[in-house]
Structures are given as C-alpha cells and as structure tokens.
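Visitor: Numbering of the sequence shown is given in the numbering used here, commencing with residue 261 and proceeding in unit increments.
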Amino acid sequence: MIRTVVVGCWLALTAACGEAGPARDVSSMAPSPLKSGYEFLTPETQALQTDAFANPGFLWVDRGAVLFADAREGSPACASCHEANGEALQGVAAHYPAVDETSGRLLNLEGRINTCRERHQKRDRLDYESDDLLALTAYVAGLSRGAPIAASVGGPAAKYAERGRDYFYTRRGQFNISCNQCHNDYWGQKLRGDTISQGHGNGFPAYRLEWQSIGSLHRRFRDCDAGVRAEPLEYGSDTYVALELYLASRAEGLLIETPAVRR
Ligand code: HEC
Ligand code: HEC
261 MIRTVVVGCW LALTAACGEA GPARDVSSMA PSPLKSGYEF LTPETQALQT DAFANPGFLW
321 VDRGAVLFAD AREGSPACAS CHEANGEALQ GVAAHYPAVD ETSGRLLNLE GRINTCRERH
381 QKRDRLDYES DDLLALTAYV AGLSRGAPIA ASVGGPAAKY AERGRDYFYT RRGQFNISCN
441 QCHNDYWGQK LRGDTISQGH GNGFPAYRLE WQSIGSLHRR FRDCDAGVRA EPLEYGSDTY
501 VALELYLASR AEGLLIETPA VRR
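#1: So residue 466 is in the beta strand (DSSP E); what residue range does that whole segment cover?
#2: Look at the alpha carbon of residue 339 and the alpha carbon of residue 441, and state the distance between them as a whole number of angstroms.
#3: Below 6 Å CB to CB, which residues in the same chain sit around residue 508 once its five sequence neighbours on both sides are set aside?
#4: What residue range does the alpha helix (DSSP H) around residue 424 cover?
#5: Evaluate the contact criterion for the region 354-363 versus the region 497-508: three or more CB pairs, one atom per stretch, below 8 Å.
#6: If distances are taken between C-alpha atoms only, which option among 469, 504, 462 and 467 comes closest to residue 481?
#7: Would the C-beta of residue 372 count as close to ligand 2, meaning under 6 Å from any of its heavy atoms?
#8: Looking at residue 454 and ligand 1, is the gap between the Cβ and the nearest heavy atom below 6 Å?
#9: Using the C-alpha atoms, what's the distance from residue 335 back to residue 383?
#10: Are there any heavy atoms of ligand 2 lying less than 6 Å away from the beta-carbon of residue 510, as far as the coordinates show?
#11: If you draw a straight line from the C-alpha of residue 393 to the C-alpha of residue 297, how long is it?
#12: From this set, 498, 518 and 459, which residue's C-alpha is nearest residue 483's C-alpha?
#13: Can you tell me whether residue 320 is buried or exposed, with buried defined as 16 or more other CB within 10 angstroms of its CB?
#14: Exposed or buried, what is residue 486 when buried is set at 16 or more other beta-carbons lying within 10 Å of its beta-carbon?
#15: Does residue 477 pass the burial test, meaning 16 or more other C-beta atoms within 10 Å, or should it be called exposed?
#16: What number of angstroms, rounded off, separates the C-alpha of residue 491 from the C-alpha of residue 300?
#17: Is the region 465-472 touching the region 312-332 in the sense that three or more CB pairs, one from each, lie closer than 8 Å?
#18: How close, in whole Å, do the beta carbons of residue 388 and residue 361 come, if the pair is a contact with beta carbons under 8 Å?
#19: If we require 3 or more residues per run, which beta strand (DSSP E) segments fall completely within the region 446-514?
#20: Go ahead and label residue 445 buried or exposed: buried means 16 or more other beta carbons lie within 10 angstroms of its beta carbon, across all protein chains shown.
#21: When we look at the beta-carbon of residue 341 and count the other beta-carbons within 10 Å, is it buried (16 or more) or exposed?
#22: Look at the alpha carbon of residue 294 and the alpha carbon of residue 461, and state the distance between them as a whole number of angstroms.
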C-alpha cells in the first residue's frame, strides 16, 4: 500500500486535496468498465466534439481528404489505390497499430501512411506532427469513426504489445510515477483542473483546446511523460508505437472518435 500513499500524496500536492477523495486499491488491472475520455469532458466540450460543423478537428480531416486525392505525374494519389473517398479504408484504423508483412515492423497509422508514400507513391516521408501528416492520419482514422477498436496482439505483434505494456507499467521521471498509476488507479480523480481519464487513444489525432491544434497520440504521450518530469521519447519512436498497440489492446471494443476534442 506504500505505492498508494506515495501517489496519493503527490496527487494531493498538485490537485485540490479535498477533491481527491479516498485512494482506491492499486489494482494493476485494466480499468473496468471502459470509458472513453469523452465521458470526462464538460458538456460544452462534448458538444464541440459531436457537432461536425463546430469541431475544429474536421479542418484537418477536410485537408486530409484533399491530400488523399492528390495525384502527380508518375506518382498516383492515395485514392488511386484505395478508392475515391477512401471507401476501401473504412474500419482499417480500428486494427492499428499492425505489423507490416514486408518489413516485419509494427506500424501505426502515421507509419503506414509514410510507408505508402515511400513504397507506392515514390514521395518523401512527411514529418511527424506536420499538418499534412496529421491531416492524412485524421482523415484515415476518421473513416473508422464509430468502429470498435480491435488491434491484433497475437503472432508477430505479441512482442510489441509486451514492450508497450512494460512502458506503461514502468515508473519514470522525477515524480517516479508510471502510466498505470494515474490511468488505472486514479481515473475519475482531479489533477490540475483535469479529470484523469482512463488514458485511451481512441480519439487521436485529437483537437486539444490547450494546443489550439490537432495533435497525434505521441504528442499526448510526450505531454504525460513531461508531466512526471521524464524525458519524452521522439515522435514516432518504436517504443511509443508499441505503447500505442498496448493501449489499443487495453481499449478493445471502445469506439473510435477521431477527431475527438479534448481539454
Ligand atoms: C500524473 C498522472 C499521469 C501520468 C503518470 C500519465 N498521465 Fe496520461 N493523462 C493525465 C491527465 C491529467 C490527462 C488529461 C486528462 C485525461 O484525458 O486523462 C492525461 C491524458 C492522457 C491520454 C488522453 C486521453 C484522452 O481521451 O484524450 C492518454 C492516451 C494518456 N494520458 C496516456 C498516458 C500514458 C501512455 C502514460 C505513460 C507514458 C500517461 N498517460 C501517464 C495524467 C497522467
Ligand atoms: C500504388 C498504390 C498505393 C498508393 C498510391 C497508396 N497506397 Fe496505401 N496501400 C497500398 C498497398 C499495396 C497496401 C498494403 C500494404 C503494402 O503492401 O504496402 C496499402 C496499405 C495501406 C493502408 C493499410 C491498410 C490495411 O488494411 O492495413 C493504409 C491505411 C493506406 N495504405 C493508406 C494510404 C494513404 C493515406 C496513401 C496516400 C498517402 C496511400 N495509402 C497510397 C497501396 C497504395
């Protein structure tokens, strides 16, 4: 129970102590029932997400649709291979990250899109967190809006899921706190004006009011790592992609909300 006390104290230091309530038993179990980050938002922010005209994330989705149709001399458009309006890719994002058969590497959507650019379009990779990569990723993930997460963690994916799980349960940073301590053990409690959610990736890329932009799931990981004063990993790092896979397995059945709106 020492662990509970340590995190409890730290949370009490940063959040309003009275609001934190009694510490729950430290479970190390995936949260149950599963709740999307959406359920922890204010009604105003929820309304912003659900209204496709007001949700600023759709600016990136629309830009992604334009990029998807962009054909050049000697370099086909995404749409040339995956059908206009992306019909062939509906539901695909629910199975990501996934192992690429050709290279054996685990790819998230950003990695898959960049692989298609190099392999099938003979174009340069897009920079992680560039508006173009965010737009294409939001567009492709948006084609799976409402689909239940169902990533494979068997076979060649197993070792990656294991690596992601290790990262999730490892304490780090000056505060010496692991992801699971906040998102498994303390979800529902207050921290610096936020309500800690279960830490699912089902809304990403997501528009964060704090960022005034859409951002990738890795940007969110980096914020959480920095929050405990740990050195964040590089965008697109293999470990963050593996973490993404572990989070997907932990969120199996939760519906994709991209582009979500978050505080
Ligand atoms: C000190 C507590 C704390 C730790 C440790 C922490 N987070 Fe978070 N995390 C938060 C808070 C606060 C938010 C913003 C509110 C929310 O959505 O939970 C957040 C948000 C998230 C979200 C976005 C959820 C959504 O629906 O938008 C994800 C995903 C996430 N964290 C994953 C992680 C991962 C992975 C780790 C470990 C690398 C981690 N967090 C470590 C507190 C923490
Ligand atoms: C010349 C044809 C071609 C073009 C152009 C192309 N792709 Fe692909 N794409 C493929 C093939 C083939 C695969 C299967 C994996 C492989 O062999 O690389 C694939 C796989 C994918 C997948 C994963 C599908 C799955 O079921 O896992 C996504 C997502 C995707 N492409 C998106 C894109 C996007 C976005 C673009 C434009 C930036 C694009 N592709 C351009 C041929 C293409």
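Beta carbons are placed, not taken as given, at the ideal position from N, Cα and C, and that holds for glycine. If you're wondering where the values come from, they're calculated on a predicted model, not measured in any experiment.
Guide: Checking against the coordinates, here is how it stands:
#1: Translated into the one-based positions of the sequence shown, residue 466 becomes position 206. That run of the beta strand (DSSP E) goes 466-468.
#2: Reading the sequence shown from its first residue, position 79 is the one you call residue 339. Reading the sequence shown from its first residue, position 181 is the one you call residue 441. Cα to Cα, residue 339 sits roughly 43 Å from residue 441.
#3: The sequence position of residue 508 within the sequence shown is 248, counting from 1. Around residue 508: 409 and 411.
#4: In the sequence shown, counting from the first residue as 1, residue 424 sits at position 164. Annotation for residue 424: the continuous alpha helix (DSSP H) segment containing it runs 418-429.
#5: The region 354-363 makes contact with the region 497-508: 3 or more CB pairs, one atom from each, lie closer than 8 Å.
#6: Here residue 481 is taken as the residue at index 221 of the sequence shown, counted from 1. 504 is the residue among 469, 504, 462 and 467 whose C-alpha sits nearest the C-alpha of residue 481.
#7: Sequence index remark: in the sequence shown, residue 372 carries index 112 (1-based). For ligand 2, a non-hydrogen atom lies closer than 6 Å to the CB of residue 372.
#8: What you label residue 454 is simply residue 194 of the sequence shown in a count that begins at 1. Annotation for residue 454 indicates a beta carbon within 6 Å of some heavy atom of ligand 1.
#9: The residue you call residue 383 lines up with position 123 of the sequence shown. The residue you call residue 335 lines up with position 75 of the sequence shown. Approximately 8 Å between the Cα atoms of the pair.
#10: By 1-based counting over the sequence shown, the position of residue 510 is 250. Every heavy atom of ligand 2 is 6 Å or more from the Cβ of residue 510, so no.
#11: On the sequence shown, position 133 is the one that residue 393 refers to. On the sequence shown, position 37 is the one that residue 297 refers to. The straight-line gap from Cα to Cα measures roughly 23 Å.
#12: What you label residue 483 is simply residue 223 of the sequence shown in a count that begins at 1. Closest in alpha carbon position to residue 483, among 498, 518 and 459, is 459.
#13: The residue given as residue 320 occupies position 60 in the sequence shown. It counts as buried.
#14: In the sequence shown, counting from the first residue as 1, residue 486 sits at position 226. Residue burial annotation: residue 486 is exposed, with fewer than 16 other C-beta atoms found within 10 angstroms of its C-beta.
#15: As a first step, residue 477 must be located in the sequence shown, where it is residue number 217. Its Cβ being crowded by 16 or more others within 10 Å, residue 477 is buried.
#16: Stepping through the sequence shown from its first residue, residue 491 is reached at position 231. Stepping through the sequence shown from its first residue, residue 300 is reached at position 40. Their Cα atoms are separated by approximately 27 Å.
#17: Enough Cβ pairs lie closer than 8 Å, so yes.
#18: Taking the sequence shown and counting its residues from 1, the one referred to as residue 388 is at position 128. Taking the sequence shown and counting its residues from 1, the one referred to as residue 361 is at position 101. Not confirmed; about 23 Å, so no contact.
#19: Taking only runs of at least 3 residues, the beta strand (DSSP E) segments lying wholly in the region 446-514 are 466-468 and 473-475.
#20: Along the sequence shown, read from residue 1 onward, the residue named residue 445 stands at position 185. Classification for residue 445: buried.
#21: Here the question's residue 341 lines up with position 81 in the sequence shown. That one is exposed.
#22: The residue given as residue 294 occupies position 34 in the sequence shown. The residue given as residue 461 occupies position 201 in the sequence shown. Roughly 12 Å separates the two Cα atoms.
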